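K.L.:
Protein chains: 2
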Amino acid sequence: MKDNNDMPGHLARRFQQIAVAVFLAEVEDAGFDLTPVQYAALATIKANPGLDQVTLAGLIAYDRTTITGVIDRLVQKGLAERRASSRDRRARELDITDEGRRTLRKITPAVESAQRIMLQGLSAKEGAELMRLLRKAIAAGNDLSRAPMRDSPA
Amino acid sequence: MKDNNDMPGHLARRFQQIAVAVFLAEVEDAGFDLTPVQYAALATIKANPGLDQVTLAGLIAYDRTTITGVIDRLVQKGLAERRASSRDRRARELDITDEGRRTLRKITPAVESAQRIMLQGLSAKEGAELMRLLRKAIAAGNDLSRAPMRDSPA
DNA sequence: TACTGATAGTCAGCATACTGAGCAATATCG
DNA sequence: CGATATTGCTCAGTATGCTGACTATCAGTA
């Protein structure tokens, strides 16, 4: 009789559930209101100024229909800008605002703290091994979800 | 400059994303329409006949507000039954139907196949180690989410 | 250049997850 | 026994994620 705890899928769900809760708690303690998804998007926009939504989605493996709402909320909070591209009138170019840059800078300690807390039950070596195995499993399964990771076309 | 791929939280999200996609694809190929969440709930109801919703939620670490909708859908599909408890008029007792039992039995190969596919990039030893590390990290962080795992009161 | 196919983005709809609030019923304790 | 606290469940609201469909635009080709 296979228990739920023998199912990698169930363990994945539980670990992610804890990871999100820890992230939100640390970030809120630091005085900010940003979800893990919003954080990843904002950090990626900062690292790739002027990128379009599909490219952003590919870099962080979000579905393109999900990213629309995420960006809506970043724009509404004044952390990012969305404007029409001059080269391709279908596309929107994304950029981080000064406010977004400030937020990213100030939020970093909380984000790093969250990453430590979600691995708190593991030794440093075990934590590194967990991340290695996750990366390896993810690489092998990358194309199995609707929103695979895609390198920047540049 | 920390990359997203150095964040355990981001890796957790990606792995779970792939796990869900693989599960849904395998189950659909087998001719069924059941989500990972619905499957876990149904299997746990079968293993604990007559349990109430809070106990079920604790066993699989779902939020109690989430489980309401999940059970709604199981009941609507004719796979589970929800009826008032005679001992505690606040509580609802849950049971699996014959149809639910049949579905669980027929769906098992697809579920097992899905668990294999989501670990396909790892050796057997690595897969086991990944699961061990996930269980350990989850145990240490259990109380950090709103819906921690809880053993059956019985 | 006109046609065809592909691409960027959005939208409606559904299923998790969570926050916070509320109702009904039970448990506890003075 | 009666006041209070707790518990089981539900609901409204928000944020991912996904499927599938649609519009606008672009790219390639006959």
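Note that the protein sequences, when read in sequence, are chains A and U.
3 is the number of the first residue of the first sequence in our numbering; add one for each residue after it.
3 is the number of the first residue of the second sequence in our numbering; add one for each residue after it.
Don't be surprised by glycine CBs; every beta carbon is placed ideally from N, CA and C.
Model, not experiment: these values are computed from the prediction.
Determine which residues share a DSSP beta bridge with U/A86 and list them.
P.N.:
The residue labelled residue 86 of chain U in the question sits at position 84 within the second sequence. For U/A86, which the question treats as bridged, DSSP gives the partners U/R94.
K.L.:
Mind reading off the beta-carbon distance from A/G52 to A/L81? Whole number of angstroms is fine, and I expect it under 8 Å.
P.N.:
Here residue 52 of chain A refers to the residue found at position 50 when the first sequence is read from its first residue. Here residue 81 of chain A refers to the residue found at position 79 when the first sequence is read from its first residue. Not really, about 16 Å apart at Cβ, beyond 8 Å.
K.L.:
Cβ atoms of A/K48 and A/I98: under 7 Å apart, would you say?
P.N.:
Position 96 of the first sequence, counted from the start, is the residue given in the question as residue 98 of chain A. Position 46 of the first sequence, counted from the start, is the residue given in the question as residue 48 of chain A. Yes, the Cβ-Cβ distance between A/I98 and A/K48 is below 7 Å.
K.L.:
What did DSSP end up calling U/D35 once you bin it into helix, strand or coil?
P.N.:
Counting from 1 along the second sequence, the entry for residue 35 of chain U is found at position 33. The answer is coil: DSSP assigns U/D35 none of H, G, I, E or B.
K.L.:
Can you give me, in chain order, the residues of the stretch 120-141 of chain U that have a beta carbon less than 8 Å from any beta carbon in chain A?
P.N.:
Here the close residues are M120, L121, Q122, G123, L124, E128, G129, E131, L132, M133, L135, L136, R137, K138, A139, I140, A141.
K.L.:
So the alpha helix (DSSP H) A/K4 belongs to, where does it begin and stop?
P.N.:
Working through the first sequence from its first residue, we reach residue 4 of chain A at position 2. Note, A/K4: premise wrong, no alpha helix (DSSP H); not H, not E.
K.L.:
Round the Cβ separation of A/Q55 and A/R92 to the nearest angstrom and send it over; I've been treating them as touching at under 8 Å.
P.N.:
Counting from one through the first sequence, the residue named residue 55 of chain A turns up at place 53. Counting from one through the first sequence, the residue named residue 92 of chain A turns up at place 90. The Cβ separation is near 10 Å, so there is no contact.
K.L.:
Is DSSP giving U/D145 helix, strand or coil here?
P.N.:
Stepping through the second sequence from its first residue, residue 145 of chain U is reached at position 143. The answer is helix: DSSP assigns U/D145 an H, G or I state.
K.L.:
Under a CB-based cut-off of 7 Å, is A/N50 close to chain U?
P.N.:
Translated into the one-based positions of the first sequence, residue 50 of chain A becomes position 48. False, the Cβ-Cβ gap to chain U never drops below 7 Å.
K.L.:
Whose CA, out of A/I73, A/S115, A/H12, lies closest to the CA of A/E30?
P.N.:
The residue labelled residue 30 of chain A in the question sits at position 28 within the first sequence. The shortest Cα separation from A/E30 among A/I73, A/S115, A/H12 belongs to A/S115.
K.L.:
For U/R157, decide whether its Cβ has a neighbour in chain A, counting only Cβ atoms nearer than 7 Å.
P.N.:
Chain U is shown from 3 up to 156; residue 157 of chain U falls before or after that span and cannot be answered.
K.L.:
Measure the C-alpha to C-alpha separation of A/A139 and U/R89 and round it to an integer number of angstroms.
P.N.:
The count along the first sequence starts at 1 and reaches residue 139 of chain A at position 137. The count along the second sequence starts at 1 and reaches residue 89 of chain U at position 87. Going by the C-alpha atoms only, they are around 47 Å apart.
K.L.:
DSSP on U/D65, reduced to helix/strand/coil?
P.N.:
As a first step, residue 65 of chain U must be located in the second sequence, where it is residue number 63. Looking at U/D65 - three-state DSSP - the assignment turns out to be coil, as it is neither helix nor strand.
K.L.:
Relative to chain A, which residues along the stretch 19-43 of chain U have a C-beta separation below 7 Å, given in chain order?
P.N.:
Residues passing the 7 Å Cβ filter: Q19, I20, A21, A23, V24, F25, P38, A42.
K.L.:
How many angstroms separate the CA atom of U/D74 from the CA atom of A/F17?
P.N.:
Residue mapping note: residue 74 of chain U aligns to position 72 of the second sequence, counting from 1. Residue mapping note: residue 17 of chain A aligns to position 15 of the first sequence, counting from 1. Using only the alpha carbons, I get a separation of about 26 Å.
K.L.:
Using the beta-carbon count (16 or more within 10 Å), is A/Q19 buried or exposed?
P.N.:
Here residue 19 of chain A corresponds to residue number 17 of the first sequence, with the count starting at 1. That one is buried.
K.L.:
Check the Cβ-Cβ distances between U/L146 and every residue of chain A, and say whether any is below 7 Å.
P.N.:
Taking the second sequence and counting its residues from 1, one reaches residue 146 of chain U at position 144. Judged by the 7 Å Cβ criterion, U/L146 is in contact with chain A.
K.L.:
Which residue's Cα is closest to the Cα of U/R104: U/V24, U/L44, U/N7?
P.N.:
Residue 104 of chain U sits at position 102 when you count from the first residue of the second sequence. Checked all of U/V24, U/L44, U/N7; the closest Cα to U/R104 is U/L44.
K.L.:
To the nearest angstrom, report how far apart U/L58 and U/T46 are at their CA atoms.
P.N.:
Along the second sequence, read from residue 1 onward, the residue named residue 58 of chain U stands at position 56. Along the second sequence, read from residue 1 onward, the residue named residue 46 of chain U stands at position 44. Distance between the alpha carbons of U/L58 and U/T46 is about 7 Å.
K.L.:
According to the neighbour-count rule (16 or more other Cβ atoms, all chains shown, within 10 Å of its Cβ), is U/G143 buried or exposed?
P.N.:
Position 141 of the second sequence, counted from the first residue, corresponds to residue 143 of chain U. Counting Cβ neighbours within 10 Å, U/G143 comes out buried, since at least 16 surround it.
K.L.:
For a contact defined as C-beta to C-beta under 7 Å, what are the partners of U/L58 on chain A?
P.N.:
Residue mapping note: residue 58 of chain U aligns to position 56 of the second sequence, counting from 1. Result: empty, since nearest Cβ-Cβ is about 12 Å, beyond 7 Å.
K.L.:
Run through DSSP, which three-state label would A/D153 get?
P.N.:
Reading the first sequence from its first residue, position 151 is the one you call residue 153 of chain A. Coil, per DSSP.
K.L.:
Starting from the beta carbon of U/I98, find every residue of chain A whose beta carbon is closer than 9 Å, and list them in chain order.
P.N.:
On the second sequence, position 96 is the one that residue 98 of chain U refers to. Neighbours of U/I98 on chain A: none; closest Cβ ~15 Å, over 9 Å.
K.L.:
Would you grab the beta carbon distance between A/G11 and U/M120 for me? Rounded to a whole angstrom, and I think it's under 8 Å.
P.N.:
To locate residue 11 of chain A, count along the first sequence from 1; it is residue 9. To locate residue 120 of chain U, count along the second sequence from 1; it is residue 118. Indeed they touch by this definition, with Cβ atoms about 6 Å apart.
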